[in-house]
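Going by my numbering, the sequence shown opens with residue 1, and the numbers climb by one from there. Read through the structure below, which is laid out as structure tokens, and then see the notes.
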Amino acid sequence: MAKKQNFINNKHTAISILGYDIKDKKMIVNEEEAKIVKFIFETYAKNRSYHKTAVLCNKKGFCGKRGQEFHASSIIVILKNETYCGYNKHYNDKKKATHKAIISKALYNKVNNIQQIA
Numbered sequence: 001m002a003k004k005q006n007f008i009n010n011k012h013t014a015i016s017i018l019g020y021d022i023k024d025k026k027m028i029v030n031e032e033e034a035k036i037v038k039f040i041f042e043t044y045a046k047n048r049s050y051h052k053t054a055v056l057c058n059k060k061g062f063c064g065k066r067g068q069e070f071h072a073s074s075i076i077v078i079l080k081n082e083t084y085c086g087y088n089k090h091y092n093d094k095k096k097a098t099h100k101a102i103i104s105k106a107l108y109n110k111v112n113n114i115q116q117i118a
């Protein structure tokens, strides 16, 4: 219920997400983490592989919000999350959010229209 009410009131629906911190009930870009998010989107756009993207993140010493290493599954979760291009989502509903986008809608669409390779 709380997430739905936040969505209706155009407040953030994410609880803890790489690239953002929650301050005063608002999502604020965490610049260091945002670099990782951008790297993930840009790298996947070039190599078209979740696994290779995860491996490259780990080689660079990047880790997720809770300090864990990246896996193909965590890359998928990040790439599918429209929060990064400035949207709030609640189930099938979405709308432009008030938080700052980390990546462009064009890059989001590009990576989500790529056919995954081995």
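Even for Gly, the Cβ is constructed at its ideal location relative to N, Cα and C. Fair warning: this is a prediction, and the values are worked out from it, not measured in the lab.
Nearest residue (CA-CA) to residue i, options the options
i	options	result
S74	Y50, K89, N92 and K96	Y50
C63	N92, K52 and E33	E33
N113	L18, L79 and G67	L79
Y84	D24, K25, E42 and K23	E42
T98	N92, L107 and Y87	Y87
Euclidean distance between Cα positions of residue i and residue j
i	j	result
S104	K89	16 Å
M27	N81	15 Å
Residues of its chain near residue i, where Cβ-Cβ distance is below 7 Å and the 5 sequence neighbours each way are ignored
i	result
V29	G19, Y20, K100 and I102
K94	E82, Y87 and N88
Terminal residues of the alpha helix (DSSP H) in which residue i lies
i	result
K105	K105 to N112
Same chain only: Cβ atoms within 6 Å of residue i, ignoring 5 sequence neighbours per side
i	result
F70	A54, C57 and N58
Cβ shell of residue i (< 8 Å), same chain only, five flanking positions each side left out
i	result
Y44	Y50, T53, I75, L79, V111 and I114
Residue i, enclosing beta strand (DSSP E) - first and last residue
i	result
Y84	Neither: Y84 is in no beta strand (DSSP E) and is coded neither H nor E.
K23	Y20 to K23
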